[in-house]
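Have a look at the structure below, then the notes.
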Amino acid sequence: MSLLSKLFGGGSPKKAAPKPDPVDHAGFRIFPDPMPEDGQFRIAARIEKDIDGETKVHTLVRADLIRSMDEAVEASVFKARQMIDQMGDRIFS
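Okay, so the sequence shown: first residue is 1 according to the UniProt record's numbering, each after it adds one.
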């Protein structure tokens with residue numbers, strides 16, 4: 001590959017990191033999805049629950065930034081569990 005194409009982003013596309021597996025908690029599904037930002041990761045997760053045949057979804061995004069993707073996944077699950085324990089189905093209101 002030529003030097004110019006490398007300089008201007010013409011290299012091979014970067015592979016996306018695999019998404020972490022969902023976590024079940026108290027009848028809810030937590031999909032940790034930390035958001036990359038300035039070389040760190042913002043705590044974020046999607047929380048889902050089936051209620052009366054409909055899948056309800058809440059997106060959790062926190063201001064916290066964490067250096068490691070693995071730690072951000074753990075923190076995202078922790079914060080989602082905490083929110084579920086505190087609010088239950090009111091998350092979707």
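Cβ atoms here follow ideal geometry from the backbone N, Cα and C, with glycine treated the same way.
- Taking C-beta atoms as the reference points, Ser-68 and Pro-32 fail to come closer than 7 Å.
- The criterion of a C-beta distance shorter than 7 Å is satisfied by Phe-28 and Lys-49.
- Straight-line measurement puts the Cα of Val-73 at about 11 Å from the Cα of Val-23.
- Within a 10 Å sphere around the beta-carbon of Arg-42 sit 16 or more other beta-carbons, which makes this residue buried.
- Note on the segment 23-84: whole beta strand (DSSP E) runs with a minimum of 3 residues are 23-25, 28-32, 35-37, 40-51, 54-66, in chain order.
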